[in-house]
């Protein structure tokens, strides 16, 4: 007799035990990519913020609005290159001036 219950391929599995203290899974809304876009950039200058800090906060806010990690990396590199270029130009002007 080949009964389905007596088949050697069919095994009874005990239910998996889960620790009572295991955290609940996060809802999909916990994913930052699912958050709504901010209508205005987050700029919160401190009391002693100078124009450079305020501009830095603006740049940081704009970087955060870019969805692509690659776009953020590319923009950061462009900003770094521009800073280095201007610094080098200032150095040349100081030496020759």
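Numbering (UniProt numbering), first residue to last: 1 to 97.
The beta carbon of each residue, even a glycine, is placed where N, CA and C say it ideally should be.
The Cβ-Cβ distance between residue 74 and residue 66 does not fall below 7 Å.
Given a length threshold of 4 residues, each whole run of the alpha helix (DSSP H) inside the segment 47–84 is given here in chain order: 51–65. Your pair residue 79 and residue 59 checks out as a contact, with CB atoms roughly 7 Å apart and the cut at 8 Å. DSSP, read as helix, strand or coil, puts residue 96 in helix.
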